[in-house]
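I have placed the structure first, in the form of structure tokens, so that the comments after it can refer back to it.
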């Protein structure tokens, strides 16, 4: 089954404790992206990757890091989480950079930073 | 600037037809997308328009007018399960093909 898998789905952590949210897709997609979704603010892009070893900042990259060492994986790293990073996070993938509008989303990771 | 507008909330009755509008202003255009998102779940792709006109897919249709910067999503024979948020997004060709998202329209279908 074609899917985007994120882990963990739910996480409560404390300020400053580094965490990684993993994302993996099994569709051989070139393009991957991370979004956060907050009430009243909609979906905001954090980082995206056009292909392996190619990453770029989205609209709200501060406080986040990503890497794309393999085509299927695109982890999101919060080096020192803060309460304003409490949010619902979605990983998404698309076939390639010409089709970035047709996205397949993971189920989401709800993060709470205390 | 870049902007997408859609109504915040709509209410409709089971079995009826509802039209959700979306207007956009972007520096370029490379397609308009509609997504459905049930509460607490991930968005799922519904439709894609790049040329003017109507695209039909079962109970759902999407219309685009590029000259007016306008699209609508038409849902027919509404079912309770259609209660969800509907997101409009535009691929901005003039901005590195960035996807610009609307805030979504929350549709409540009542019996």
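Residue numbers (the working numbering), protein chains in the order written: chain A, 277 to 390; chain B, 78 to 188. In this text, a Cβ means the ideal position worked out from N, Cα and C, and glycines have one as well. Since this is a predicted model, take the numbers as computed values, not measurements.
Please classify residue 157(B) as buried or exposed, where buried requires at least 16 other C-beta atoms within 10 Å of its C-beta.
Residue 157(B) sits at position 80 when you count from the first residue of the second chain. Label assigned to residue 157(B): exposed.
If you run the structure through DSSP and keep just helix, strand and coil, what is residue 171(B)?
For the purposes of this step, residue 171(B) is identified with residue 94 of the second chain, where counting begins at 1. Helix at residue 171(B).
If we define contact as Cβ-Cβ less than 8 Å, is residue 373(A) a contact residue for chain B?
Here the question's residue 373(A) lines up with position 97 in the first chain. Yes - at least one Cβ of chain B is within 8 Å of the one on residue 373(A).
Residues in the same chain with beta-carbon distance under 7 Å from residue 302(A), minus the five sequence neighbours each way, listed in chain order, please.
For the purposes of this step, residue 302(A) is taken as residue 26 along the first chain, with counting starting at 1. Correct list, in chain order: 278, 279 and 348.
Among 284(A), 340(A), 336(A) and 354(A), nearest to residue 300(A) - alpha-carbon criterion:
As a first step, residue 300(A) must be located in the first chain, where it is residue number 24. Selected option, being the one with the closest Cα: 284(A).
Residues of chain B with CB closer than 7 Å to the CB of residue 376(A), please, in chain order.
Locating residue 376(A) in the first chain gives position 100, where the first residue counts as 1. Within 7 Å Cβ-Cβ: 168, 174 and 176.
Chain E contacts from the region 349-362 of chain A (Cβ-Cβ distance under 7 Å)
Chain labels in this structure do not include chain E; the protein chains are A and B.
Helix, strand or coil at residue 374(A) according to DSSP, with G and I counted as helix
Position 98 of the first chain, counted from the first residue, corresponds to residue 374(A). Of the three classes helix, strand and coil, the one that applies to residue 374(A) here is helix, per DSSP.
Less than 8 Å separating the beta-carbons of residue 377(A) and residue 179(B)?
On the first chain, position 101 is the one that residue 377(A) refers to. On the second chain, position 102 is the one that residue 179(B) refers to. Cβ atoms of residue 377(A) and residue 179(B): not closer than 8 Å.
Starting from the C-beta of residue 146(B), find all residues in its chain whose C-beta is less than 7 Å away, skip the five residues before and the five after it, and write them out in chain order.
Numbered from 1 along the second chain, position 69 holds the residue referred to as residue 146(B). Contacts found: 100, 101 and 102.
Among the residues of its own chain, which have a CB less than 6 Å from the CB of residue 110(B), if the five just before and after it don't count?
By one-based count along the second chain, residue 110(B) stands at place 33. The residues are 125 and 166.
In angstroms, rounded to a whole number, what distance separates the CA positions of residue 356(A) and residue 160(B)?
As a first step, residue 356(A) must be located in the first chain, where it is residue number 80. As a first step, residue 160(B) must be located in the second chain, where it is residue number 83. So the alpha carbons of these two residues sit roughly 38 Å apart.
Separation of residue 352(A) from residue 341(A), as counted between CA atoms:
As a working mapping, residue 341(A) is identified with position 65 in the first chain. As a working mapping, residue 352(A) is identified with position 76 in the first chain. Near 6 Å, if we compare the C-alpha coordinates of residue 352(A) and residue 341(A).
Beta-carbon proximity list for residue 98(B), same chain, < 6 Å, skipping 5 on both sides:
Reading the second chain from its first residue, position 21 is the one you call residue 98(B). 149.
How many Å lie between residue 350(A) and residue 310(A) at the Cα?
The residue given as residue 350(A) occupies position 74 in the first chain. The residue given as residue 310(A) occupies position 34 in the first chain. Rounded to the nearest angstrom, the two C-alpha atoms are 9 Å apart.
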